[in-house]
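Peer 1: Take a look at the following structure, please.
Numbering (this note's numbering), first residue to last: 24 to 502.
Structure follows, in C-alpha coordinates:
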(Lines of atoms letter the chains of each structure in order from A and count residues from 1; the text may use other names and numbers.)
(Lines give C-alpha, C1' and ligand atoms only; values in the text may rest on other atoms or scores of the structure.)
Protein backbone atom coordinates (compact mmCIF):
# COMPACT_ATOMS: atom_id res chain seq x y z
CA UNK A 1 0.00 0.00 0.00
CA UNK A 2 1.71 3.17 -1.23
CA UNK A 3 1.87 6.26 0.99
CA UNK A 4 -0.07 4.60 3.77
CA UNK A 5 -0.37 6.47 7.09
CA UNK A 6 2.57 5.80 9.42
CA UNK A 7 0.35 4.28 12.12
CA UNK A 8 -0.77 1.45 9.78
CA UNK A 9 1.08 -1.84 9.47
CA UNK A 10 -1.07 -2.93 6.54
CA UNK A 11 -4.29 -2.15 4.72
CA UNK A 12 -5.95 -2.04 1.32
CA UNK A 13 -7.32 0.96 -0.49
CA UNK A 14 -11.12 0.83 -0.62
CA UNK A 15 -12.29 -0.22 -4.09
CA UNK A 16 -15.46 0.25 -6.07
CA UNK A 17 -15.10 -3.39 -7.12
CA UNK A 18 -13.64 -5.07 -4.02
CA UNK A 19 -12.03 -8.49 -4.19
CA UNK A 20 -13.16 -9.90 -0.86
CA UNK A 21 -14.52 -13.20 0.42
CA UNK A 22 -18.21 -13.90 -0.21
CA UNK A 23 -18.70 -14.08 3.56
CA UNK A 24 -17.42 -10.51 3.98
CA UNK A 25 -20.69 -8.72 3.15
CA UNK A 26 -19.87 -5.86 5.52
CA UNK A 27 -16.41 -5.42 4.01
CA UNK A 28 -17.68 -5.40 0.43
CA UNK A 29 -20.49 -2.96 1.19
CA UNK A 30 -18.22 -0.62 3.15
CA UNK A 31 -15.54 -0.70 0.45
CA UNK A 32 -18.04 0.42 -2.19
CA UNK A 33 -19.36 3.23 0.03
CA UNK A 34 -15.94 4.51 1.12
CA UNK A 35 -14.60 4.53 -2.45
CA UNK A 36 -17.72 6.45 -3.57
CA UNK A 37 -17.04 9.03 -0.84
CA UNK A 38 -13.51 9.43 -2.22
CA UNK A 39 -14.40 9.43 -5.94
CA UNK A 40 -17.63 11.47 -6.03
CA UNK A 41 -16.61 14.92 -4.80
CA UNK A 42 -20.01 16.43 -3.99
CA UNK A 43 -21.24 13.26 -2.30
CA UNK A 44 -18.09 12.98 -0.19
CA UNK A 45 -18.27 16.65 0.78
CA UNK A 46 -21.94 16.37 1.79
CA UNK A 47 -21.40 13.30 3.98
CA UNK A 48 -18.26 14.61 5.65
CA UNK A 49 -19.99 17.91 6.40
CA UNK A 50 -22.51 16.02 8.56
CA UNK A 51 -19.65 15.04 10.90
CA UNK A 52 -18.11 18.49 10.96
CA UNK A 53 -15.42 18.06 8.29
CA UNK A 54 -15.21 20.59 5.48
CA UNK A 55 -13.81 19.31 2.19
CA UNK A 56 -12.10 22.11 0.30
CA UNK A 57 -10.69 22.14 -3.21
CA UNK A 58 -7.25 21.14 -1.85
CA UNK A 59 -8.56 18.37 0.40
CA UNK A 60 -7.48 14.83 -0.46
CA UNK A 61 -9.53 11.84 0.71
CA UNK A 62 -7.87 8.46 1.20
CA UNK A 63 -9.97 5.45 2.25
CA UNK A 64 -8.80 2.01 3.37
CA UNK A 65 -10.19 -1.38 4.38
CA UNK A 66 -8.70 -4.42 6.15
CA UNK A 67 -6.45 -2.22 8.26
CA UNK A 68 -3.92 -3.36 10.88
CA UNK A 69 -2.20 -0.90 13.22
CA UNK A 70 1.55 -0.84 13.75
CA UNK A 71 1.52 0.04 17.46
CA UNK A 72 -0.87 -2.58 18.78
CA UNK A 73 -0.88 -6.35 19.15
CA UNK A 74 -4.62 -6.51 19.60
CA UNK A 75 -6.68 -8.64 17.27
CA UNK A 76 -9.24 -5.85 16.94
CA UNK A 77 -9.46 -4.87 13.28
CA UNK A 78 -11.79 -2.00 12.34
CA UNK A 79 -13.47 -2.34 8.96
CA UNK A 80 -12.12 0.87 7.47
CA UNK A 81 -10.24 4.15 7.75
CA UNK A 82 -10.85 7.63 6.35
CA UNK A 83 -7.95 10.06 6.01
CA UNK A 84 -8.56 13.71 5.08
CA UNK A 85 -5.51 15.77 4.20
CA UNK A 86 -5.62 19.52 3.57
CA UNK A 87 -2.13 20.98 3.34
CA UNK A 88 -0.37 20.02 6.57
CA UNK A 89 -3.62 19.31 8.41
CA UNK A 90 -4.79 15.71 8.64
CA UNK A 91 -8.00 14.30 10.11
CA UNK A 92 -8.54 10.56 10.52
CA UNK A 93 -11.45 8.30 11.47
CA UNK A 94 -11.84 4.58 12.07
CA UNK A 95 -14.93 3.05 10.48
CA UNK A 96 -16.91 0.10 11.84
CA UNK A 97 -19.81 -1.34 9.82
CA UNK A 98 -22.68 -3.73 10.54
CA UNK A 99 -25.20 -4.90 7.95
CA UNK A 100 -28.52 -6.73 8.08
CA UNK A 101 -29.78 -7.41 11.60
CA UNK A 102 -26.34 -7.10 13.23
CA UNK A 103 -26.25 -4.29 15.78
CA UNK A 104 -23.33 -2.38 17.23
CA UNK A 105 -22.21 -3.38 20.73
CA UNK A 106 -20.79 -1.13 23.46
CA UNK A 107 -17.71 -3.28 24.30
CA UNK A 108 -16.63 -3.32 20.67
CA UNK A 109 -17.17 0.42 20.19
CA UNK A 110 -15.27 1.21 23.41
CA UNK A 111 -12.41 -0.97 22.17
CA UNK A 112 -12.29 0.99 18.89
CA UNK A 113 -12.35 4.29 20.79
CA UNK A 114 -9.37 3.10 22.84
CA UNK A 115 -7.58 1.95 19.68
CA UNK A 116 -8.18 5.35 18.11
CA UNK A 117 -6.86 7.15 21.17
CA UNK A 118 -3.73 4.98 21.31
CA UNK A 119 -2.91 5.75 17.67
CA UNK A 120 -3.82 9.43 17.57
CA UNK A 121 -6.97 8.87 15.48
CA UNK A 122 -9.47 11.74 15.69
CA UNK A 123 -12.79 9.90 15.44
CA UNK A 124 -14.72 6.67 15.15
CA UNK A 125 -17.59 6.47 12.63
CA UNK A 126 -20.06 3.58 12.82
CA UNK A 127 -22.49 2.37 10.15
CA UNK A 128 -25.47 0.07 10.70
CA UNK A 129 -29.21 -0.19 10.18
CA UNK A 130 -29.74 1.62 13.49
CA UNK A 131 -31.00 5.20 13.27
CA UNK A 132 -30.12 8.40 15.13
CA UNK A 133 -31.53 11.92 14.91
CA UNK A 134 -28.14 13.40 14.03
CA UNK A 135 -24.73 11.92 13.13
CA UNK A 136 -23.24 13.31 16.36
CA UNK A 137 -25.82 11.29 18.32
CA UNK A 138 -25.14 7.58 18.66
CA UNK A 139 -27.41 4.55 19.11
CA UNK A 140 -25.14 3.41 21.96
CA UNK A 141 -23.92 5.24 25.06
CA UNK A 142 -20.25 4.44 25.72
CA UNK A 143 -18.71 5.68 28.95
CA UNK A 144 -17.43 9.25 29.03
CA UNK A 145 -13.95 7.97 29.71
CA UNK A 146 -14.01 5.86 26.55
CA UNK A 147 -14.89 8.92 24.47
CA UNK A 148 -12.09 11.09 25.89
CA UNK A 149 -10.17 12.85 23.10
CA UNK A 150 -12.00 10.88 20.39
CA UNK A 151 -15.17 11.91 18.57
CA UNK A 152 -17.92 9.34 17.92
CA UNK A 153 -20.33 9.56 14.96
CA UNK A 154 -22.95 7.33 13.37
CA UNK A 155 -24.43 6.99 9.90
CA UNK A 156 -27.24 4.60 9.09
CA UNK A 157 -26.98 2.85 5.72
CA UNK A 158 -30.34 4.34 4.83
CA UNK A 159 -28.98 7.81 5.62
CA UNK A 160 -26.13 7.24 3.15
CA UNK A 161 -28.58 5.93 0.53
CA UNK A 162 -30.84 8.96 1.06
CA UNK A 163 -27.96 11.44 0.75
CA UNK A 164 -26.86 9.79 -2.50
CA UNK A 165 -30.44 9.90 -3.82
CA UNK A 166 -30.78 13.60 -2.98
CA UNK A 167 -27.49 14.42 -4.68
CA UNK A 168 -28.68 12.72 -7.86
CA UNK A 169 -32.15 14.25 -7.82
CA UNK A 170 -30.74 17.76 -7.40
CA UNK A 171 -28.34 17.29 -10.32
CA UNK A 172 -25.55 18.63 -8.11
CA UNK A 173 -22.87 16.22 -9.41
CA UNK A 174 -20.92 18.24 -11.97
CA UNK A 175 -18.88 15.36 -13.44
CA UNK A 176 -20.81 12.91 -15.61
CA UNK A 177 -18.66 9.90 -14.67
CA UNK A 178 -18.97 10.69 -10.96
CA UNK A 179 -22.73 10.96 -11.38
CA UNK A 180 -22.79 7.49 -12.91
CA UNK A 181 -20.75 6.11 -10.02
CA UNK A 182 -23.24 7.58 -7.54
CA UNK A 183 -26.17 6.16 -9.50
CA UNK A 184 -24.54 2.73 -9.29
CA UNK A 185 -24.06 3.20 -5.54
CA UNK A 186 -27.79 3.92 -5.15
CA UNK A 187 -28.62 0.81 -7.19
CA UNK A 188 -26.18 -1.26 -5.12
CA UNK A 189 -27.39 -0.09 -1.68
CA UNK A 190 -31.05 -0.43 -2.60
CA UNK A 191 -30.67 -4.11 -3.52
CA UNK A 192 -31.84 -6.51 -0.77
CA UNK A 193 -28.58 -8.49 -0.96
CA UNK A 194 -26.63 -5.67 0.73
CA UNK A 195 -28.69 -5.94 3.92
CA UNK A 196 -29.56 -2.22 3.93
CA UNK A 197 -33.05 -1.64 5.31
CA UNK A 198 -35.24 0.87 7.05
CA UNK A 199 -36.67 0.68 10.55
CA UNK A 200 -39.24 -2.12 10.33
CA UNK A 201 -40.56 -3.00 13.75
CA UNK A 202 -41.06 -1.74 17.28
CA UNK A 203 -39.69 -3.85 20.16
CA UNK A 204 -41.87 -6.38 21.97
CA UNK A 205 -42.17 -3.84 24.79
CA UNK A 206 -44.39 -1.76 22.47
CA UNK A 207 -47.22 -4.30 22.60
CA UNK A 208 -46.87 -4.54 26.38
CA UNK A 209 -46.93 -0.74 26.86
CA UNK A 210 -49.97 -0.27 24.60
CA UNK A 211 -51.83 -3.03 26.47
CA UNK A 212 -50.93 -1.46 29.82
CA UNK A 213 -52.27 1.93 28.72
CA UNK A 214 -55.48 0.40 27.38
CA UNK A 215 -55.87 -1.35 30.74
CA UNK A 216 -55.36 1.98 32.58
CA UNK A 217 -52.21 0.67 34.22
CA UNK A 218 -49.73 3.44 35.13
CA UNK A 219 -46.52 3.82 33.15
CA UNK A 220 -43.23 4.51 34.88
CA UNK A 221 -41.12 7.11 33.09
CA UNK A 222 -37.87 5.41 34.15
CA UNK A 223 -38.86 1.82 33.40
CA UNK A 224 -36.90 -0.29 30.92
CA UNK A 225 -39.99 -0.84 28.75
CA UNK A 226 -40.74 2.89 28.52
CA UNK A 227 -37.15 3.70 27.52
CA UNK A 228 -37.12 0.83 25.02
CA UNK A 229 -40.26 2.18 23.33
CA UNK A 230 -38.86 5.72 23.19
CA UNK A 231 -35.55 4.55 21.72
CA UNK A 232 -37.44 2.66 19.01
CA UNK A 233 -39.71 5.63 18.34
CA UNK A 234 -36.68 7.88 17.87
CA UNK A 235 -35.30 5.44 15.30
CA UNK A 236 -38.62 5.36 13.48
CA UNK A 237 -38.77 9.18 13.43
CA UNK A 238 -35.34 9.33 11.82
CA UNK A 239 -36.26 6.71 9.23
CA UNK A 240 -39.48 8.64 8.54
CA UNK A 241 -37.40 11.76 7.79
CA UNK A 242 -35.33 9.77 5.31
CA UNK A 243 -38.44 8.32 3.65
CA UNK A 244 -39.98 11.78 3.25
CA UNK A 245 -36.64 13.13 1.99
CA UNK A 246 -36.62 10.55 -0.79
CA UNK A 247 -40.30 11.08 -1.62
CA UNK A 248 -39.98 14.88 -1.79
CA UNK A 249 -36.38 14.95 -3.09
CA UNK A 250 -35.43 17.48 -0.43
CA UNK A 251 -33.86 17.27 3.00
CA UNK A 252 -36.44 16.58 5.72
CA UNK A 253 -35.24 16.83 9.32
CA UNK A 254 -36.63 16.11 12.75
CA UNK A 255 -37.06 19.38 14.66
CA UNK A 256 -35.38 19.19 18.05
CA UNK A 257 -35.15 21.51 21.01
CA UNK A 258 -31.70 23.03 21.37
CA UNK A 259 -31.20 21.10 24.60
CA UNK A 260 -32.16 17.84 22.85
CA UNK A 261 -29.74 18.48 19.98
CA UNK A 262 -26.95 18.85 22.49
CA UNK A 263 -27.99 15.93 24.72
CA UNK A 264 -29.79 12.90 23.19
CA UNK A 265 -30.06 11.34 26.66
CA UNK A 266 -32.12 14.31 27.85
CA UNK A 267 -34.35 13.95 24.79
CA UNK A 268 -34.97 10.30 25.66
CA UNK A 269 -35.75 11.12 29.29
CA UNK A 270 -38.13 13.98 28.39
CA UNK A 271 -39.99 11.88 25.81
CA UNK A 272 -40.24 8.97 28.26
CA UNK A 273 -41.77 11.32 30.84
CA UNK A 274 -44.26 12.58 28.22
CA UNK A 275 -45.24 9.02 27.28
CA UNK A 276 -45.78 8.13 30.94
CA UNK A 277 -47.91 11.22 31.64
CA UNK A 278 -49.80 11.77 28.37
CA UNK A 279 -49.80 8.25 26.88
CA UNK A 280 -48.49 9.57 23.58
CA UNK A 281 -45.29 9.68 21.57
CA UNK A 282 -44.64 12.66 19.32
CA UNK A 283 -42.22 14.38 16.99
CA UNK A 284 -41.99 17.39 14.67
CA UNK A 285 -40.75 17.29 11.07
CA UNK A 286 -39.30 20.26 9.23
CA UNK A 287 -39.85 20.24 5.45
CA UNK A 288 -38.36 23.13 3.43
CA UNK A 289 -40.78 25.75 2.03
CA UNK A 290 -43.90 24.40 3.76
CA UNK A 291 -46.35 26.60 5.65
CA UNK A 292 -45.15 25.27 9.00
CA UNK A 293 -43.61 22.26 10.69
CA UNK A 294 -45.59 19.00 10.81
CA UNK A 295 -46.56 17.75 14.26
CA UNK A 296 -46.99 13.96 14.56
CA UNK A 297 -48.50 12.18 17.55
CA UNK A 298 -49.31 8.54 18.19
CA UNK A 299 -51.99 8.28 20.89
CA UNK A 300 -51.92 5.00 22.83
CA UNK A 301 -55.35 5.62 24.34
CA UNK A 302 -57.24 6.18 21.08
CA UNK A 303 -54.85 3.98 19.02
CA UNK A 304 -54.61 6.64 16.34
CA UNK A 305 -52.00 8.66 14.46
CA UNK A 306 -52.55 12.42 14.26
CA UNK A 307 -50.63 14.86 12.06
CA UNK A 308 -51.19 18.61 12.12
CA UNK A 309 -49.98 21.95 10.83
CA UNK A 310 -50.81 25.29 12.45
CA UNK A 311 -51.34 28.53 10.52
CA UNK A 312 -51.98 32.06 11.70
CA UNK A 313 -55.30 33.43 10.48
CA UNK A 314 -54.94 36.30 7.99
CA UNK A 315 -55.27 39.54 9.98
CA UNK A 316 -56.27 41.55 6.90
CA UNK A 317 -59.62 39.71 6.94
CA UNK A 318 -61.82 41.09 9.68
CA UNK A 319 -64.41 38.35 10.23
CA UNK A 320 -63.95 34.75 11.30
CA UNK A 321 -65.94 33.66 8.22
CA UNK A 322 -63.56 35.43 5.84
CA UNK A 323 -60.57 33.95 7.63
CA UNK A 324 -62.03 30.46 7.49
CA UNK A 325 -62.83 30.86 3.79
CA UNK A 326 -59.15 31.72 3.16
CA UNK A 327 -58.18 28.35 4.62
CA UNK A 328 -60.89 26.28 2.96
CA UNK A 329 -59.91 27.58 -0.48
CA UNK A 330 -56.40 26.18 0.03
CA UNK A 331 -57.87 22.71 0.61
CA UNK A 332 -60.24 22.76 -2.37
CA UNK A 333 -58.68 19.57 -3.79
CA UNK A 334 -58.89 17.65 -0.51
CA UNK A 335 -61.86 15.36 0.05
CA UNK A 336 -60.53 13.06 2.75
CA UNK A 337 -62.84 12.35 5.72
CA UNK A 338 -59.69 12.11 7.87
CA UNK A 339 -59.01 15.87 7.61
CA UNK A 340 -60.27 18.17 10.37
CA UNK A 341 -60.04 21.91 11.05
CA UNK A 342 -59.55 23.28 14.53
CA UNK A 343 -60.21 26.98 15.15
CA UNK A 344 -58.10 28.68 17.85
CA UNK A 345 -59.75 31.65 19.60
CA UNK A 346 -58.33 34.52 21.68
CA UNK A 347 -57.50 34.17 25.34
CA UNK A 348 -58.73 31.10 27.19
CA UNK A 349 -61.64 30.42 24.86
CA UNK A 350 -61.89 26.73 24.00
CA UNK A 351 -60.93 25.67 20.47
CA UNK A 352 -63.64 24.39 18.14
CA UNK A 353 -63.20 21.51 15.69
CA UNK A 354 -65.08 19.96 12.77
CA UNK A 355 -64.21 17.84 9.77
CA UNK A 356 -63.20 19.64 6.59
CA UNK A 357 -66.15 18.12 4.71
CA UNK A 358 -68.63 19.43 7.31
CA UNK A 359 -67.05 22.88 7.42
CA UNK A 360 -67.10 23.11 3.64
CA UNK A 361 -70.86 22.49 3.66
CA UNK A 362 -71.60 24.63 6.73
CA UNK A 363 -68.84 27.01 7.93
CA UNK A 364 -71.03 28.15 10.83
CA UNK A 365 -70.59 24.72 12.38
CA UNK A 366 -67.07 25.80 13.33
CA UNK A 367 -67.40 29.53 14.01
CA UNK A 368 -71.03 30.32 14.91
CA UNK A 369 -70.56 28.92 18.41
CA UNK A 370 -68.53 31.99 19.36
CA UNK A 371 -69.54 35.57 20.06
CA UNK A 372 -69.39 37.47 16.77
CA UNK A 373 -67.14 40.03 18.42
CA UNK A 374 -64.53 37.28 18.90
CA UNK A 375 -62.40 36.56 15.85
CA UNK A 376 -60.44 33.34 15.23
CA UNK A 377 -56.67 33.88 15.59
CA UNK A 378 -55.23 30.71 14.05
CA UNK A 379 -56.12 27.32 12.59
CA UNK A 380 -54.83 23.80 12.97
CA UNK A 381 -55.38 21.41 10.08
CA UNK A 382 -55.47 17.86 11.42
CA UNK A 383 -55.27 14.46 9.77
CA UNK A 384 -56.42 11.67 12.08
CA UNK A 385 -55.99 8.01 11.16
CA UNK A 386 -57.50 5.33 13.38
CA UNK A 387 -55.38 2.17 13.42
CA UNK A 388 -57.47 0.11 15.82
CA UNK A 389 -55.91 -3.29 16.54
CA UNK A 390 -53.03 -2.61 14.14
CA UNK A 391 -51.76 0.08 16.49
CA UNK A 392 -50.31 -2.43 18.97
CA UNK A 393 -48.57 -4.57 16.33
CA UNK A 394 -44.80 -4.16 16.25
CA UNK A 395 -44.78 -4.11 12.43
CA UNK A 396 -48.28 -2.81 11.65
CA UNK A 397 -47.73 0.28 13.81
CA UNK A 398 -44.63 1.23 11.78
CA UNK A 399 -46.51 0.56 8.53
CA UNK A 400 -49.39 2.71 9.77
CA UNK A 401 -47.14 5.66 10.58
CA UNK A 402 -45.16 5.43 7.34
CA UNK A 403 -48.37 5.35 5.28
CA UNK A 404 -50.19 8.07 7.21
CA UNK A 405 -47.52 10.80 7.03
CA UNK A 406 -47.20 10.83 3.19
CA UNK A 407 -51.03 10.74 2.98
CA UNK A 408 -51.25 13.78 5.23
CA UNK A 409 -48.69 15.61 3.14
CA UNK A 410 -50.48 14.75 -0.10
CA UNK A 411 -53.90 15.82 1.22
CA UNK A 412 -52.88 18.77 3.37
CA UNK A 413 -49.22 19.72 3.73
CA UNK A 414 -48.38 20.44 0.10
CA UNK A 415 -51.46 22.66 -0.33
CA UNK A 416 -51.13 24.98 2.66
CA UNK A 417 -49.55 28.41 2.41
CA UNK A 418 -48.83 30.65 5.38
CA UNK A 419 -50.50 34.05 5.39
CA UNK A 420 -48.22 37.01 4.74
CA UNK A 421 -49.24 40.67 5.09
CA UNK A 422 -49.92 42.58 1.88
CA UNK A 423 -47.17 45.00 0.89
CA UNK A 424 -47.98 48.63 1.81
CA UNK A 425 -49.43 50.64 -1.07
CA UNK A 426 -48.74 54.19 -2.24
CA UNK A 427 -51.92 56.20 -1.62
CA UNK A 428 -51.99 59.64 -3.19
CA UNK A 429 -48.43 60.56 -2.18
CA UNK A 430 -46.17 59.17 -4.89
CA UNK A 431 -43.28 61.65 -5.04
CA UNK A 432 -40.56 62.46 -2.49
CA UNK A 433 -41.73 66.10 -2.53
CA UNK A 434 -45.14 64.92 -1.24
CA UNK A 435 -43.49 63.99 2.06
CA UNK A 436 -40.86 66.74 2.29
CA UNK A 437 -40.69 68.84 5.51
CA UNK A 438 -42.41 71.69 3.69
CA UNK A 439 -45.27 69.43 2.55
CA UNK A 440 -45.68 67.99 6.05
CA UNK A 441 -45.78 71.52 7.49
CA UNK A 442 -48.44 72.66 5.02
CA UNK A 443 -50.55 69.57 5.75
CA UNK A 444 -50.28 70.11 9.51
CA UNK A 445 -50.99 73.87 9.27
CA UNK A 446 -53.82 73.58 6.75
CA UNK A 447 -55.46 70.14 7.07
CA UNK A 448 -57.54 68.90 4.13
CA UNK A 449 -61.31 69.12 4.34
CA UNK A 450 -61.77 65.44 5.05
CA UNK A 451 -60.21 65.76 8.52
CA UNK A 452 -62.89 68.11 9.73
CA UNK A 453 -61.24 71.52 9.20
CA UNK A 454 -62.82 73.91 6.68
CA UNK A 455 -60.78 76.71 5.15
CA UNK A 456 -62.30 79.05 2.59
CA UNK A 457 -60.33 80.66 -0.15
CA UNK A 458 -60.53 84.05 1.60
CA UNK A 459 -58.99 82.57 4.75
CA UNK A 460 -55.88 81.30 2.98
CA UNK A 461 -52.78 83.41 3.74
CA UNK A 462 -51.36 85.57 0.98
CA UNK A 463 -47.78 84.51 1.82
CA UNK A 464 -46.14 81.12 2.08
CA UNK A 465 -45.37 79.65 5.51
CA UNK A 466 -41.83 80.01 6.91
CA UNK A 467 -40.77 76.63 5.51
CA UNK A 468 -41.95 77.27 1.94
CA UNK A 469 -39.59 76.83 -0.98
CA UNK A 470 -39.11 80.59 -1.28
CA UNK A 471 -36.46 82.41 0.72
CA UNK A 472 -37.37 82.42 4.42
CA UNK A 473 -37.24 85.38 6.81
CA UNK A 474 -34.41 83.64 8.63
CA UNK A 475 -32.40 83.40 5.41
CA UNK A 476 -33.00 87.09 4.67
CA UNK A 477 -31.85 88.07 8.12
CA UNK A 478 -28.56 86.29 7.56
CA UNK A 479 -27.74 88.43 4.53
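We put the beta carbon where it would ideally sit given N, CA and C, even for glycine.
1. Go to residue 361, then tell me how far its alpha helix (DSSP H) extends in each direction, as first and last residue.
2. How is the beta strand (DSSP E) around residue 352 delimited, first residue to last?
3. Compute the Euclidean distance between the alpha carbons of residue 237 and residue 402, then round it to the nearest angstrom.
4. Where residue 182 and residue 155 are concerned, what is the direct C-alpha to C-alpha distance, given to the nearest angstrom?
5. What does the alpha-carbon distance come out to for the pair residue 158 and residue 147?
6. Need the endpoints of the alpha helix (DSSP H) that residue 378 sits in, please.
7. In angstroms, rounded to a whole number, what distance separates the CA positions of residue 17 and residue 38?
8. Short check: CB of residue 299 to CB of residue 242, under 8 Å?
9. What are the start and end residues of the alpha helix (DSSP H) that includes residue 257?
10. What do you reckon, are the CB atoms on residue 136 and residue 165 nearer than 8 Å?
11. Helix, strand or coil: how does DSSP classify residue 463 here?
12. Thinking C-alpha only, which one of 104, 303, 434, 359 is nearest residue 53?
13. Note down, one range per segment and in chain order, each alpha helix (DSSP H) of at least 4 residues found wholly within the segment 88–169.
14. Run through DSSP, which three-state label would residue 71 get?
15. What residues match up with residue 211 in a beta bridge as DSSP calls it?
16. In chain order, what residues of the same chain have a beta carbon less than 7 Å from the beta carbon of residue 480, not counting five sequence neighbours either side?
17. Look up residue 77 in the DSSP assignment and say whether it is helix, strand or coil.
18. Measuring CA to CA, which of 390, 301, 312, 78 is closest to residue 275?
19. Which of the three DSSP states is assigned to residue 423 in this structure?
20. Ordered along the chain, which non-local residues of its own chain (more than five positions away) have a Cβ less than 8 Å from that of residue 288?
21. How long is the line joining the alpha carbons of residue 33 and residue 94, rounded to whole angstroms?
22. Taking the continuous beta strand (DSSP E) assigned at residue 402, which residues delimit it?
23. Pop quiz: residue 35 and residue 73 are said to be a contact at Cβ under 8 Å. What is the actual Cβ separation, rounded to whole angstroms?
24. Is residue 170 near the ligand ADP, in the sense that its beta carbon is under 7 Å from a heavy atom of that ligand?
25. On the DSSP bridge assignment, give the partners of residue 174 in chain order.
26. In this structure, does DSSP put residue 449 in helix, strand or coil?
27. If you run the structure through DSSP and keep just helix, strand and coil, what is residue 326?
28. May I have the straight-line CA-CA distance separating residue 393 from residue 386, to the nearest angstrom?
29. Smallest Cα separation from residue 330: which of 248, 447, 428, 218?
30. What is the rounded straight-line gap between the Cα of residue 415 and the Cα of residue 284?
31. Would residue 115 and residue 83 qualify as a contact pair, given that the criterion is a beta-carbon distance under 8 Å?
32. How would you write the range of the alpha helix (DSSP H) that residue 415 sits in, first residue to last?
33. Quick check on residue 285: does DSSP put it in helix, strand or coil?
34. Do you know how far the Cα of residue 314 is from the Cα of residue 128?
35. Please go through the same chain and pick out, in chain order, the residues whose beta-carbon is closer than 8 Å to the beta-carbon of residue 363, but skip the five residues on each side of it.
36. Taking a contact to mean a Cβ-Cβ separation below 8 Å, would you say residue 342 touches residue 382 in this structure?
Peer 2: For this structure:
1. It is not in any alpha helix (DSSP H) - residue 361 carries neither H nor E in the DSSP assignment.
2. Counting along the chain, residue 352 falls outside any beta strand (DSSP E), though it belongs to the alpha helix (DSSP H) covering 343–353.
3. 31 Å
4. 10 Å
5. 11 Å
6. Careful: residue 378 lies outside any alpha helix (DSSP H), inside the beta strand (DSSP E) at 375–378.
7. Shown here, the chain extends from 24 to 502; a query on residue 17 therefore has no answer.
8. yes
9. 247–271
10. yes
11. helix
12. 104
13. 129–141
14. helix
15. Paired residue(s): none; residue 211 is not in a bridge.
16. Because residue 480 carries a pLDDT of 46, less than 50, the predicted location of this residue cannot be relied on, and the following value inherits that uncertainty. If we look at residue 480 and ignore the five residues flanking it on each side, it has no Cβ neighbours.
17. coil
18. 312
19. helix
20. 164
21. 12 Å
22. 401–409
23. Actually they do not touch by this definition, with Cβ atoms about 26 Å apart.
24. By its list of ligands, the structure shown contains no ligand whatsoever, and the ligand ADP lies outside what it can speak to.
25. 146
26. coil
27. coil
28. 12 Å
29. 428
30. 29 Å
31. no
32. Where residue 415 is concerned, there is no enclosing alpha helix (DSSP H), given that its DSSP letter is neither H nor E.
33. helix
34. 41 Å
35. 376, 377, 378, 379, 404, 405, 406, 407
36. no
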